[in-house]
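Numbering (my numbering), first residue to last: 288 to 513. In this text, a Cβ means the ideal position worked out from N, Cα and C, and glycines have one as well.
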Ligand SMILES: C[S@@+](CC[C@H](N)C(=O)[O-])C[C@H]1O[C@@H](n2cnc3c(N)ncnc32)[C@H](O)[C@@H]1O
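Here it is, written out as structure tokens:
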């Protein structure tokens, strides 16, 4: 499936409503609460979906930008951020685009990238590595990236998704698409290649809801000074 075909389902109004209705991420909230100077932190919410984290970051006064590939997700997040920052700022700060092309931002622009549930949407291993390299490029040294990503074992309770033949971590997705599933060691290794170290131990969380098994790898990395 091409990257654009994989993005189309994210414009489904029901999916937009579902993602918009969620509370802010439970790891992001304490991370932001612990910032000594939130106004001085420039953050990118990568794959912002319906804006649950974007709105939280705007309300807390961070210098916030958000990007998503799906037009409907961007429209929803813009409308919600406009309620906090006004329409002009929402238009400027919430944009449509791909995680593999952050060229609208210069090198070392951000202090924090929030990448929750987005990298695994890569439709090939090449796209995965391009997305990680773009995150590295736009992050300042000493900056951090908060990641959650599906890991192997994800799928139906007794039927995990299958690895695509000839690949290391590209899996058949849940709906005609592909997903890049990384375990904790694999994710740490990919970020280490780009000069990141874990700030907290990378860990796996597993839950089963209505016969669906979701295995997630959670990580927080720091980009080492050059
Ligand atoms: C699971 S949702 C993200 C959830 C969101 N970060 C949150 O915490 O609520 C995945 C999002 O990634 C977006 N997406 C998928 N492929 C993308 C790509 N190549 N570049 C940017 N965004 C992408 C989708 O449109 C969708 O909104």
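Distance cut-off 6 Å: residue i Cβ against heavy atoms of ligand 1
{"i": "residue 359", "result": "no"}
{"i": "residue 368", "result": "no"}
{"i": "residue 306", "result": "yes"}
{"i": "residue 408", "result": "yes"}
{"i": "residue 355", "result": "yes"}
{"i": "residue 403", "result": "yes"}
{"i": "residue 331", "result": "no"}
{"i": "residue 294", "result": "yes"}
{"i": "residue 297", "result": "yes"}
{"i": "residue 302", "result": "no"}
{"i": "residue 461", "result": "no"}
{"i": "residue 506", "result": "no"}
{"i": "residue 264", "result": "This structure does not reach residue 264, given that the chain is present from 288 up to 513, and the question cannot be answered."}
{"i": "residue 344", "result": "no"}
{"i": "residue 336", "result": "yes"}
{"i": "residue 419", "result": "no"}
{"i": "residue 385", "result": "yes"}
{"i": "residue 469", "result": "no"}
{"i": "residue 339", "result": "yes"}
Given residue i as reference, the closest of the options once Cα atoms are compared
{"i": "residue 456", "options": "439, 345, 464", "result": "439"}
{"i": "residue 308", "options": "323, 316, 339, 292", "result": "339"}
{"i": "residue 393", "options": "369, 371, 372, 423", "result": "423"}
{"i": "residue 415", "options": "368, 458, 360", "result": "458"}
{"i": "residue 390", "options": "367, 399, 407, 417", "result": "417"}
{"i": "residue 509", "options": "489, 360, 446, 292", "result": "489"}
{"i": "residue 358", "options": "341, 316, 300, 342", "result": "300"}
{"i": "residue 465", "options": "408, 472, 343, 474", "result": "408"}
{"i": "residue 445", "options": "292, 325, 500, 313", "result": "500"}
{"i": "residue 294", "options": "474, 463, 343", "result": "463"}
{"i": "residue 319", "options": "461, 431, 475, 452", "result": "431"}
{"i": "residue 360", "options": "474, 454, 298, 292", "result": "298"}
{"i": "residue 321", "options": "498, 347, 454, 306", "result": "347"}
{"i": "residue 292", "options": "475, 460, 498", "result": "460"}
Check whether residue i and residue j have beta carbons under 7 Å apart
{"i": "residue 410", "j": "residue 290", "result": "yes"}
{"i": "residue 442", "j": "residue 450", "result": "no"}
{"i": "residue 486", "j": "residue 507", "result": "yes"}
{"i": "residue 428", "j": "residue 323", "result": "no"}
{"i": "residue 505", "j": "residue 469", "result": "no"}
{"i": "residue 303", "j": "residue 374", "result": "no"}
{"i": "residue 371", "j": "residue 345", "result": "yes"}
{"i": "residue 425", "j": "residue 387", "result": "no"}
{"i": "residue 493", "j": "residue 484", "result": "no"}
{"i": "residue 419", "j": "residue 472", "result": "no"}
{"i": "residue 496", "j": "residue 399", "result": "no"}
{"i": "residue 563", "j": "residue 367", "result": "Nothing about residue 563 can be read from this structure; the chain reaches only from 288 to 513."}
Segment contact flag, the region 373–388 with the region 348–356, C-beta cutoff 8 Å, min 3 pairs: Output reads yes: the region 348–356 touches the region 373–388.
Three CB pairs or more closer than 8 Å across the region 382–393 and the region 354–363: Yes, the region 382–393 is in contact with the region 354–363.
Sufficient close CB pairs (3 or more, under 8 Å) joining the region 316–334 to the region 386–406: The answer is yes - the region 386–406 touches the region 316–334, with three or more Cβ pairs under 8 Å.
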